[in-house]
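Numbering (our numbering), first residue to last: 1016 to 1153.
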């Protein structure tokens, strides 16, 4: 479902974030394109609409959204951060051939381990890398 500017504005205000044009367009792009984008990908697409947009603004805005828990930051690759609009626990599968990233459901309750008894879990990230059905011809 596409998110309109009015809905996104309310979402930012609810999270105590001033809804500037840049912030709204960045959030609109991520809300309407579930592709786990990088800063560069967001910049490339949103700068088509806002030519004066800087990459620094994109980076700072995404960091603000992560801090406000509007987005989740993913470290699937070593030197690249990606951003996810889904905040509930789930896993990610990255195809090593086509670079597509797929979400999959995870039953976090089944991940409890006796070896971690007494540990306080703050975050769970599950990343699987391999070949997707498109690339394997399945």
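For every residue, glycine included, the Cβ atom is placed at its ideal position computed from N, Cα and C.
Being a predicted model, the structure only gives us computed values, none of them experimental.
Under 7 angstroms between C-beta atoms of residue i and residue j
| i | j | result |
| --- | --- | --- |
| residue 1041 | residue 1071 | no |
| residue 1039 | residue 1065 | no |
| residue 1073 | residue 1104 | no |
| residue 1143 | residue 1083 | no |
| residue 1080 | residue 1089 | no |
| residue 1027 | residue 1043 | no |
Exposure label - residue i; buried when at least 16 CB within 10 Å
| i | result |
| --- | --- |
| residue 1101 | exposed |
| residue 1016 | Legend: pLDDT at residue 1016 = 37, less than 50; position of this residue unreliable, value from coordinates given subsequently. Exposed. |
| residue 1058 | buried |
| residue 1131 | exposed |
Opposing strand residues paired with residue i [DSSP bridges]
| i | result |
| --- | --- |
| residue 1119 | 1106 |
| residue 1097 | 1089 |
Quick check: the region 1086–1103 against the region 1048–1064, are there 3 or more CB pairs under 8 angstroms?
-> Touching, yes.
Decide yes or no for the touch test of the region 1108–1116 against the region 1136–1150: beta carbon pairs closer than 8 angstroms, at least 3 of them.
-> As far as the Cβ criterion goes, the region 1108–1116 touches the region 1136–1150, which means the pair count is three or higher.
Quick one: which unbroken alpha helix (DSSP H) runs of 4-plus residues sit fully inside the region 1035–1090? Chain order, please.
-> Whole alpha helix (DSSP H) segments, 4+ residues: 1036–1047, 1054–1061, 1070–1082.
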